[in-house]
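First residue of the sequence shown? That's 20 in the working numbering, and the numbers climb one at a time after it. In this text, a Cβ means the ideal position worked out from N, Cα and C, and glycines have one as well.
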Amino acid sequence: MTGSSATGLRRQRFDRLVAVYHPDMYRYAAWLSRDKAIAEDVVQEALLRAWKSLDALRDENAAKQWLLTIVRRENARYFERRRLETVDIDELPASQAALLAESPNEELADLRSAIYELDDGYREPLVLQVLMGYSTGEIAETMGLRQGAVLTRLHRARQKLMDRMADG
20 MTGSSATGLR
30 RQRFDRLVAV
40 YHPDMYRYAA
50 WLSRDKAIAE
60 DVVQEALLRA
70 WKSLDALRDE
80 NAAKQWLLTI
90 VRRENARYFE
100 RRRLETVDID
110 ELPASQAALL
120 AESPNEELAD
130 LRSAIYELDD
140 GYREPLVLQV
150 LMGYSTGEIA
160 ETMGLRQGAV
170 LTRLHRARQK
180 LMDRMADG
């Protein structure tokens, strides 16, 4: 096989993976970062890193977990590199201040807020399970935990959400 045909096959493989898993990568990054623009940056960096190390992916069945692990690490790198900007909400322009007042679905907004307020150790396994459809074994592998620890975190996350929503 010539170099250009090998590169073409590699590109086709990568394009196939991106077509299938890009939405999951973005959703996961958005939940981790809590910001759509940051999520886009994180996913772009993750895709670049995935392209560079594509040859390390031997099992196509592990592609989703492999890509989401890259997203998780890129998200951590993003926040290690950046100092977060703070904005005084009293100085927001009227158009942005209006967005703060919007509440199209108060219950959904309350639930989303409660999820965001969970410690990362509880929020991340919950998002992996509920949003991404991961099994507890896959979550354990992704997060570098034992399966029992994942089960405990999932239970506690749900309990914290129920308590928070009951206090609502």
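Item	Value
9 Å Cβ cutoff met for L145 and T161	no
Outcome for E136 when other beta-carbon atoms lying within 10 angstroms are tallied against a minimum of 16	exposed
Option in L127, A159, N124, K83 with minimal Cα separation from G140	A159
Alpha-carbon spacing of A65 relative to E143, whole angstroms	18 Å
Contact set for A82: own chain, Cβ-Cβ below 8 Å, skip 5 residues either direction	L36, V39, Y40, L76
L28 (DSSP reduced to helix, strand or coil)	helix
Beta carbon of I89 nearer than 9 Å to that of A69	yes
Cβ separation of D43 and L87, assumed to be a contact under 8 Å, to the nearest whole Å	7 Å
G152 (DSSP reduced to helix, strand or coil)	coil
E79: first and last residue of the uninterrupted alpha helix (DSSP H) it sits in	Taken as a continuous stretch (DSSP letters only), E79 belongs to no alpha helix (DSSP H), as it is neither H nor E.
Three-state class that DSSP yields for N94 in the structure shown	helix
Environment of T26 [buried if 16+ CB atoms lie within 10 Å]	exposed
Rounded straight-line distance, which links the Cα of L51 to that of L127	18 Å
Cα-Cα separation between A95 and E125, rounded to whole angstroms	30 Å
Nearest residue (CA-CA) to K71, options A56, E99, R30	R30
Outcome for E157 when other beta-carbon atoms lying within 10 angstroms are tallied against a minimum of 16	buried
Rounded separation between S132 and D34 - CA only	35 Å
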